[in-house]
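Residue 133 in full-length UniProt numbering sits at position 133 of the sequence shown, with consecutive numbering throughout. The C-beta atom is built at its ideal place from N, Cα and C for all residues, glycine as well. Source: prediction; values computed, not measured.
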Amino acid sequence: MDVLPSQRQPPSSSKTSSLGINRDQQVEKLLKEVDILDKENIALKKSIYDLSARYAASISQGGIPYKTGPFVIDNEVSPTGKEMISKVVQEASGDMEPFQSIYPHDTRDGKPFQLRYELKGHLGAVYTVEFSPNGALLASGSFDKTVRIWDTASAQKETYCLKGHTLNISDVAWTPDSSTLLSGAYDETCKTWDVETGKMNNSYDTGGLVQCVGWDFVDPNIFYYGTSRKVLAVVDTRLEGSALVIRNDAMVNTLYASRDGIHVITGDAQGVLKVWDIRSKQCISNRQNDHTQMPITHISIGRRSTDASRRAINDYDEPRYMAVNSYDNLLRVYDRGMDPPKSELRLVHSLKGFKNKNWPIKSSFYCGSGYNSSILSKHSVANDYGDIDIATTPADYLLDPQELKEEKSVLLATGSADPYAYLYNVGEDSAELMQRLEGHTDRVYAVNFHPTEPILASCSADFTVKVWGPSLNRGKKKTIN
C-alpha cells in the first residue's frame with residue numbers, strides 16, 4: 001500500500017544535519033582537488049593551446065582538412081600529412097659544411113651575430129635546447145613528444161629522434177662526459193638515453209609534471225628533477241626503488257647542481273631561490289628574487305672559462321655569475337661571491353626589454369676572451385634595455401689579468417615571449433643590449449651557448465631551432481672542432 005505524501009514521516013533534524021555536513025565536506029574536498037589539478041595544469045594548457053593552433057595551421061597549409069578544439073594533447077597526423085611534412089623537412093635539410101651559414105655573412109650592418117643555419121624536423125613547438133659538454137651534439141625537446149639530437153659537425157644532420165615520452169618534453173640535460181642524455185616531460189617521467197645508440201636506458205616515474213632536470217657534476221650516476229608537486233628529487237641510477245624526495249613549499253621550476261656534488265640551487269613558483277644540502281635534505285639559504293614573488297622560470301650559471309688549459313684547472317670552481325628569469329619581465333644577474341653557493345648573492349644587473357611575463361623563458365651565458373666585444377660600444381641601448389639603477393660590478397674581487405679580460409667578455413642570451421632572442425653584454429661595469437636576434441616567427445622559449453665557442457642555439461614555438469654565430473666576412477666559414 002502506497003503511503004500518501006502527507007503520511008510520510010519527515011527525517012529527523014539530526015539526520016538531515018549530518019547528511020548536510022557530510023555532503024559539504026565531500027564537496028569541499030573535491031573542490032580542493034580540482035583546484036590543485038587546475039593550478040598544476042594551467043601552464044600545460046597554455047602551451048597545448050599554442051601547439052594545437054599552430055599544428056592545425058601547418059596541416060591546413062598542405063590542403064589537408066584538419067579541425068581540432070583548444071587544449072588537444074594528442075592528435076595523430078594522417079599518413080598524407082606525415083608524408084607532406086617529411087618531404088618539406090627533407091628538402092630543407094640538405095648536406096652543408098660545418099656551421100657554414102645559409103645566409104650571407106656581411107658585417108657592414110654592424111650586427112655582432114648572424115643566423116648561421118636552421119634545424120627543421122620537429123612537428124611541434126620546441127621548448128628546450130642544450131649543447132653537449134663536448135660541443136659535438138645539440139639536443140632539442142619539443143611538444144611533439146620527441147627529443148632530437150643534432151650533429152654540430154655536419155650542420156643540419158639529425159642523428160637521432162628519441163621517442164618514448166607521451167606528452168611534452170620540458171627539459172633535457174647531458175652527463176658531463178656527453179655520453180648520456182636525460183629528458184623530463186609532462187607525462188610525469190624522466191628518461192635516460194644512450195647517445196651512442198639512440199636507445200632508452202631507463203624510465204623513472206616522478207609523480208608530477210617534470211619541470212626541470214639536471215645531472216650531478218661529480219657522480220654521473222646521479223640526477224635531479226623538480227616537479228609541479230613541489231618536489232626536488234634525487235635519483236641514483238644504480239639503485240632500484242623510489243627517489244630521494246625533498247619537499248618544497250612551491251612548484252620547483254628550475255634547478256642547478258653545484259660542482260661540489262653536495263648542493264643544489266632551485267627556483268620556484270613563489271619566486272624564491274633556495275640552496276639545498278642534499279646530504280641533510282635541508283634548505284641552508286634562501287633569497288626572494290623580487291618583492292612581488294613572481295615565479296622564477298630559469299636559473300643560468302655562467303661558465304668559468306672557455307680556454308682549455310684554464311678549464312682543466314678551474315673545472316671544479318663555481319662560476320661567478322648567475323642569471324634568473326622570472327615572470328616580471330626582468331632578467332636579473334647576480335654575483336655569487338667568493339664561495340658559492342654558500343656566499344651571499346649580490347644583484348649586479350637587472351635587464352629589461354625582452355618579454356618573459358607568464359611564459360617559461362630560459363637564458364644562457366658565454367664567458368670567454370676569444371670573443372671580440374669591441375663592437376659593443378657601437379650598440380649601446382642601455383636606456384631602454386640595460387640596467388635599472390643597479391650598482392655595478394663589485395670591486396672586492398681580485399682577478400688575474402686573464403680573468404679580468406674574460407669577465408669583460410661575458411655574454412648573456414635569453415629567449416622571449418616575442419619572436420626574438422636577446423643578447424646582452426653583462427661583463428662590463430654596466431649591462432647593455434648587444435643585439436636582438438631576428439629570425440623566428442613565434443616566441444623563443446630557450447637559448448643555449450656552445451660550451452667553448454660564441455655560438456648560440458635558440459628554439460621556438462615556430463617548430464624550429466636556429467643557430468647563431470659571430471658575423472663573418474662574406475664567404476668566410478666558421479667550424480667547430
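With 16 as the cutoff for other CB atoms within 10 Å, does GLN282 come out buried or exposed?
exposed
With a CB to CB cut of under 6 angstroms and the five nearest residues on each side skipped, what residues in its chain are close to TRP359?
ALA417
C-beta atoms of PHE449 and PHE354 nearer than 8 angstroms:
no
So, under 8 angstroms CB-CB, LYS145 and HIS165 are touching, yes? Tell me the CB distance rounded to an integer number of Å.
5 angstroms
Write down the C-beta distance between TRP150 and LEU119 rounded to the nearest angstrom, noting that I regard them as a contact closer than 8 angstroms.
6 angstroms
Starting from TYR127, follow its DSSP beta bridges and name the residues at the other end.
None, per the DSSP bridge assignment.
I think ILE296 touches GLY261, with their Cβ atoms under 8 angstroms apart; what is that distance to the nearest whole Å?
With 8 angstroms as the limit, ILE296 and GLY261 do not qualify as a contact, their Cβ atoms being about 23 angstroms apart.
Roughly how many angstroms separate the alpha carbons of LEU31 and LEU412, rounded to a whole number?
44 angstroms
Taking CYS161 as the reference, give the member of ASP177, SER170, ASP171 and ALA139 with the closest Cα.
ALA139
Consult DSSP for ALA153 and reduce its assignment to one of helix, strand or coil.
helix
Expressed to the nearest angstrom, what Euclidean distance is found between the alpha-carbon atoms of GLU432 and VAL410?
11 angstroms
Strictly by DSSP, which residues pair up with LEU423?
ALA413 and GLN435
Residues in the same chain with beta-carbon distance under 7 angstroms from VAL234, minus the five sequence neighbours each way, listed in chain order, please.
ILE222, TYR224, ALA243, LEU244 and ILE278
In this structure, how does DSSP classify ARG116 when only helix, strand and coil are distinguished?
strand
Within 10 Å of its beta-carbon, does MET338 have 16 or more other beta-carbons around it, so buried, or fewer, so exposed?
exposed
Anyone know if the C-beta pair for PRO470 and THR441 falls short of 8 angstroms?
no
Helix, strand or coil at ARG23 according to DSSP, with G and I counted as helix
helix
Can you tell me which residues form a DSSP beta bridge with GLY184?
ASP171 and CYS190
Please check the pair ASP268 and ALA257, which I expect to be a contact at CB under 8 angstroms, by giving their CB distance rounded to whole angstroms.
About 16 angstroms; that fails the 8 angstroms criterion.
In whole angstroms, what is the alpha-carbon distance linking VAL172 and LYS29?
36 angstroms
Closest by C-alpha distance to THR237, when choosing among PRO319, TRP193, HIS349 and TYR321
TRP193
Specify whether the region 454-471 and the region 125-137 touch according to this definition: at least 3 beta carbon pairs, one from each stretch, less than 8 angstroms apart.
yes
Distance, VAL231 Cα to ARG259 Cα
21 angstroms
Which residue's Cα is closest to the Cα of LYS362: THR452, PRO133 and SER300?
SER300
Quick check: ARG320 and ARG336, are their CB atoms within less than 8 angstroms of each other?
yes
Along the chain, which unbroken stretches of the beta strand (DSSP E) at least 3 residues long are found entirely within the region 200-265?
210-215, 222-227, 231-236, 244-247 and 252-257
N- and C-terminal bounds of the beta strand (DSSP E) containing PHE365:
363-367
Tell me whether TYR103 sits in a helix, a strand or coil according to DSSP, three-state version.
With a pLDDT of 41 at TYR103, under the threshold of 50, the predicted position of this residue should be treated as unreliable, and no value is reported.
Since ASN448 is in the beta strand (DSSP E), which residue starts that stretch and which ends it?
444-449
Quick check on DSSP: helix, strand or coil for LEU472?
coil
Measuring straight from C-alpha to C-alpha, what distance separates ARG346 and THR159?
42 angstroms
Can you give me the Cβ contacts of PRO112 inside the same chain, cut-off strictly under 7 angstroms, excluding the 5 residues immediately before and after it?
ILE375, MET434, GLN435, PRO470 and SER471
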